[in-house]
Amino acid sequence: MFRFFLKLLICAFLAGAAGMAYLAMRTGDKVYTVHEWLSPQRFHQHDNLIRALAKEHGIDPLLVKAVVWRESRFDAHKYGGAGERGLMQVGELAATDWAQENRVTDFQVEELFDPKVNLTVGTWYLARALERWKQQADPVPFALAEYNAGASRAQRWAGGSGDMVISPDEFRRNINFPGTRAYVEGIMARRDFYQQRGRF
């Protein structure tokens, strides 16, 4: 009898593993999906806040989550090589701009390790960049390049002025920083991955 239940348990385990492997393969990113299953709290703990802030700024929450994934892999305590902090790897200059524009007094840069503050500042900064490039057919690659490399470089890659309309493909070809090009393409691919599965 024991042997029968052991075989049954092994069969159930193998069937479950095969089913999970099949679902992971269908998602388009097996590694991400497996990590998500192993650590759902890490991957989803800020989803409601991301949705709320994205809605407040009128931008796609899937894009915000894709930026969080690319910048920190959902690590709220990440400290970047140039002093960027938190989930969206917000720099001190961007945070200072946010604090001044929103009349936040006594802002301390260490507050960027607080997920709510970090997502608030990062989403605001991304929304501002998207607004700056709204005349483009698809402002997303332009805004992401600005988020990563700064407004002046993004304007140079756009032909010297934010007012000039060029195709997103031409803009991406003009990005002469391989790291920024990979950054833009990686985030757009991650956003598309979320869109394809219909959720974060």
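Counting from 12, one number per residue, gives the positions in the sequence shown under my numbering.
Note that CB positions come from ideal geometry on N, CA and C, so glycine has one too.
Because the structure is a prediction, the values reported are computed rather than measured.
Check your understanding: With burial defined as no fewer than 16 other Cβ atoms inside 10 Å of the residue's Cβ, what is the status of W80: buried or exposed?
Key -> Position 69 of the sequence shown, counting from 1, holds the residue named residue 80. Under this definition W80 is a buried residue.
**Study point:** 4 or more residues per run - each alpha helix (DSSP H) lying fully within the stretch 113–147
**Key:** Contiguous alpha helix (DSSP H) elements confined to the stretch 113–147 occur at 126–143, taking only those with 4 or more residues.
Review point. If you run the structure through DSSP and keep just helix, strand and coil, what is Y33?
Key: Your numbering for residue 33 matches position 22 in the sequence shown. Note on Y33: pLDDT 47, under 50, position unreliable in the model; no value is reported.
Point to revise | Proximity winner among G133, Q147, A169, P189, relative to E82 (alpha-carbon distances) | key: What you label residue 82 is simply residue 71 of the sequence shown in a count that begins at 1. Nearest C-alpha to E82: G133.
Review point. Going by Cα to Cα distance, which pick from I21, A156, I61, F153 is closest to K127?
Key: Along the sequence shown, read from residue 1 onward, the residue named residue 127 stands at position 116. Selected option, being the one with the closest Cα: I61.
Review point. What does DSSP give as the partner residues of Y90 in its beta bridges?
Key: Taking the sequence shown and counting its residues from 1, the one referred to as residue 90 is at position 79. Beta-bridge analysis with DSSP links Y90 to R96.
Check your understanding: What's the gap between the Cα of L130 and the Cα of L64?
Key -> Here residue 130 refers to the residue found at position 119 when the sequence shown is read from its first residue. Here residue 64 refers to the residue found at position 53 when the sequence shown is read from its first residue. Per the coordinates, the alpha-carbon of L130 lies some 8 Å from the alpha-carbon of L64.
Check your understanding: Is A32 buried or exposed, if buried means 16 or more other CB atoms sit within 10 Å of its CB?
Key -> Numbered from its first residue, the sequence shown carries residue 32 at position 21. Because the pLDDT at A32 is just 47, under 50, the model does not fix this residue reliably, and the value given afterwards should be weighed accordingly. Exposed.
**Study point:** Run of the alpha helix (DSSP H) containing M175, from where it starts to where it stops
**Key:** Locating residue 175 in the sequence shown gives position 164, counting from the first residue. No alpha helix (DSSP H) holds M175; DSSP gives it neither H nor E.
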